[in-house]
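Take a look at the structure set out below.
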Amino acid sequence: MLKHVAFLLLTLLGFMVSCKEVKKLLTFEIENSQTITLDTGLPLNSSVVSLPMDVTTNSEDEFKSNNTQAEFVKDVTLKSFKLTITNPPTENFSFLKNAYVYIALPDNTNEVLLAYRENIPDDIGNTMELISTNEKLDKYVKSPSFKVRTKTTFDKSITSPITLRADMKFSVMADPL
């Protein structure tokens, strides 16, 4: 009897480990970077909403290189969203109080909050990770493009234009072909 229980436990453990390995095999990442320029003269302590920005995806190529297709993609989430100031090199994010990033389909429908950062400290530096909302993003990443817009609150004036790079990394789970 003890041998049967031990065998059953080992079999169950093996099954659980193999399921995790299969999940790893079916999960990959898609990365996208965009450049954003902030102009001077933005109002302090009030929300500034940007116009939606078109983001072209290379999802179909990514799906092919990972041996799958869009119809087999079943779970896409934001793994990371990092903002980096690229110009001027000495600038930091201390001018921001809050930052919210929204994603929508190309026709500006189905908009959801993608990532955010609130109460940004003055000593944040020139790189900032936003917090993912863990929304399901399948329909956005499967699309040839999507729209992104921001809503920010500034607590310091910007004296010269600032160029940012927004690096998004999506985790994709899909069935193989």
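In terms of the working numbering, the sequence shown opens at residue 3 and continues consecutively.
Ideal Cβ placement from N, Cα and C applies to all residues, glycine included.
- Each residue's CA atom was taken as its position, placing residue 178 and residue 64 some 13 Å apart.
- Taking 7 Å as the cut-off, the Cβ atoms of residue 155 and residue 49 count as close.
- Beta-bridge partners of residue 38 (DSSP): 166.
- Bridge partners of residue 136 according to DSSP: none are assigned.
- Residue pairing for residue 100: DSSP places it in a beta bridge opposite 155.
- Between residue 140 and residue 57, the C-beta spacing is not below 7 Å.
- Residue 114 counts as exposed, since fewer than 16 other beta carbons sit within 10 angstroms of its beta carbon.
- The beta carbon of residue 28 sits closer than 7 Å to those of 175, 176, 177 and 178, all from its chain and outside the five residues before and after it, given in chain order.
- Per DSSP, reduced to three states, the secondary structure at residue 31 is strand.
- If you draw a 10 Å sphere on the C-beta of residue 117, you find 16 or more other C-beta atoms in it, and that means buried.
- In this chain, residue 124 is not harboured by any beta strand (DSSP E), its DSSP state being neither H nor E.
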